[in-house]
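Q: One structure, as structure tokens, below. Some questions next.
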Amino acid sequence: GHAPILVSTTVIEVGVNVPNASIMIIESAERFGLSQLHQLRGRVGRGAEHSYCILLTSGKMSNESRQRMKIMEHTQDGFKIAEEDLRMRGPGDIFGTKQSGSAVDFKLADIINDIELIAVTRDMAKEILSRDPDLQNPLNQPLRRLLVFYTDKATGLKWDRIS
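Convert by adding 29 to the 1-based position in the sequence shown; the result is the number in our numbering.
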């Protein structure tokens, strides 16, 4: 008989839709990051059939690779996977191109452990900027001075040019 098989590179992660695909085998899975593994795994299980994603790894894996495989084994929740990826790799450089590590040196908050505090302060900042977009109110001058100082220092850009 015939068995329909699709063999692909990782280009499959960007939108190949085969609804009846039910099994995916990823060779050398330890070479991929959590986000890419999650995207690849999402290519199967779109139809009515029960699906499987098999991660094949080499015998020699780093501790970090082992940890990624355990995360993929224990959850399919994209938010949890993203949180673990952030915890493992760090936030990267908000003002630059570095995609991992701790390029941002927060003075008071920990981007991983203080996520709720960061969300509250983001909402407060949005509220202040909705009422005073140029931070001209005398009460907002300390915030304006800090914002100008840190954006100039980090990027060389002027605050009023950042969208």
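Beta carbons are placed, not taken as given, at the ideal position from N, Cα and C, and that holds for glycine.
By a C-beta neighbour count over all protein chains shown, 10 Å radius and 16 as the cutoff for buried, is residue 110 buried or exposed?
A: As a position in the sequence shown, residue 110 is number 81, starting the count at 1. When all chains shown are included, residue 110 counts as buried.
Q: Is the Cβ-Cβ distance between residue 73 and residue 64 less than 8 Å?
A: Within the sequence shown, residue 73 is the residue found at index 44, counting from 1. Within the sequence shown, residue 64 is the residue found at index 35, counting from 1. No, the Cβ-Cβ distance between residue 73 and residue 64 is not below 8 Å.
Q: Rank 69, 33, 36, 55 by C-alpha distance to the C-alpha of residue 42 and give the top, closest one.
A: Within the sequence shown, the letter at position 13 stands for residue 42. Nearest C-alpha to residue 42: 69.
Q: Just how far apart, CA to CA, sit residue 177 and residue 112?
A: Locating residue 177 in the sequence shown gives position 148, counting from the first residue. Locating residue 112 in the sequence shown gives position 83, counting from the first residue. Cα-Cα distance, rounded: 30 Å.
Q: Could you check if residue 60 is buried or exposed, using at least 16 other CB atoms within 10 Å of its CB as the buried criterion?
A: Here the question's residue 60 lines up with position 31 in the sequence shown. Label assigned to residue 60: exposed.
Q: Count the other CB atoms within 10 Å of the CB of residue 30; is the residue buried (16 or more) or exposed (fewer)?
A: In the sequence shown, counting from the first residue as 1, residue 30 sits at position 1. With fewer than 16 Cβ atoms within 10 Å of its Cβ, residue 30 is classed as exposed.
Q: Give me, in chain order, the residues of the same chain whose beta-carbon lies closer than 6 Å to that of residue 90; leave out the 5 immediate sequence neighbours on both sides.
A: In the sequence shown, residue 90 corresponds to position 61, counting from 1. Answer for residue 90: 59, listed in chain order.
Q: Can you check which of these residues, 95, 116, 54, 40, is closest to residue 144 by C-alpha distance?
A: By one-based count along the sequence shown, residue 144 stands at place 115. Of 95, 116, 54, 40, the residue nearest in Cα terms is 116.
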